[in-house]
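Sequence positions in the sequence shown follow the UniProt record's numbering and run 1 to 263.
Just so you know, even glycine gets a beta-carbon here, dropped at the ideal spot from N, CA and C.
What follows is one structure encoded as structure tokens, with my remarks underneath.
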Amino acid sequence: MTLTHPAYGQVRQVTPTAAVLLADNPGQMTLDGTNTWILGGPDAAEYVVIDPGPQDHAHGAAIAEATGGRIALTLITHHHHDHTGGIDRLVELTGTAVRAADPAHQRASESLLRDGEVIEAAGLSIEVLATPGHTGDSLSFVLDDAVLTGDTILGSGTTVLEARDGALADYLASLDKLVASGRGKALLPAHGPDHADLGPVAEYYIAHRRERLDQVRAALSQLGERAEPMDVVRVVYADVDQRLWPAALSSVRAQLEYLHTHG
């Protein structure tokens with residue numbers, strides 16, 4: 001039987017070189033849970049792991065079992081705990097080196113991941129693509145036939161933006177980079193189901209952000225240019241579950257900063 005998402009506790013092959021192991025940490029912000037990706041070329045004796053997931057001993061053990069402990073390298077898409085909480089457990093079980101853009105998550109490596117770097121491991125060439133917006137340290141990883149997008153593009157819904165100056169401008173540039181690098185390639189996100197082609201999903205994300213900006217502009221016309229961000233949330237996200245409004249507030253702060261800077 002062919003597995004489909006979500007398949008907890010089971011390794012699901014998605015492309016010839018990428019399989020996924022879904023952590024059992026579903027929630028409003030994690031969707032069905034965190035996808036840990038296990039990569040390897042057809043003749044490779046080792047694997048590359050993308051995001052060990054949350055601090056969950058069972059999930060760490062499942063990654064170790066799926067790889068036979070033969071992990072050439074573990075890569076981190078960004079610093080959030082549902083992606084990095086499992087680092088030390090996986091290191092304990094397998095001895096894997098870990099590389100990230102944030103030095104707090106490096107293990108047995110002094111070289112931080114950098115934009116444009118190409119990693120040769122597990123029979124694969126993996127290009128590192130800086131894709132900030134969701135967080136300042138967000139990275140995507142480009143393979144010949146797929147792109148691992150972390151939380152920059154999700155398998156369903158849209159992502160939350162960091163409430164910092166320049167976050168939305170960075171994010172729109174990141175989406176453009178992903179369209180250029182990933183059109184025609186599979187989308188392998190950190191949450192939600194995979195997609196056969198990244199291009200249409202990324203283009204939807206761009207259109208969605210432009211639409212949200214128009215909605216924020218309209219809210220400011222109604223509320224006044226000095227409206228508080230939460231008042232904008234109440235207007236723009238009126239049809240969204242109020243439990244998600246704190247996350248929406250972060251995105252609205254980024255949108256307001258963008259409009260004040262770019263008009």
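- Relative to residue 80, the option among 17, 190, 165 and 91 whose CA is nearest is 190.
- DSSP places residue 99 in the strand class (E or B) of the three-state scheme.
- The alpha carbon of residue 29 has as its nearest neighbour, out of 10, 247 and 254, the alpha carbon of 247.
- Contact between residue 161 and residue 134 is confirmed by a C-beta separation of about 6 Å, below the 8 Å threshold.
- The way I'd put it, the stretch 175-184 does touch the stretch 146-157; three or more beta-carbon pairs between them come closer than 8 Å.
- Residue state for residue 153 is assigned as coil, using DSSP reduced to three classes.
- Judged by DSSP secondary structure, residue 215 falls within the alpha helix (DSSP H) whose first and last residues are 198-223.
- For residue 127, the enclosing beta strand (DSSP E) has its first and last residue at 124-130.
- Under the 10 Å beta carbon count, residue 257 is surrounded by 16 or more other beta carbons and is classified as buried.
- In the DSSP assignment, the residues bridged to residue 35 are 22.
- With a cutoff of 8 Å on beta-carbon distance, residue 167 and residue 254 are scored as near each other.
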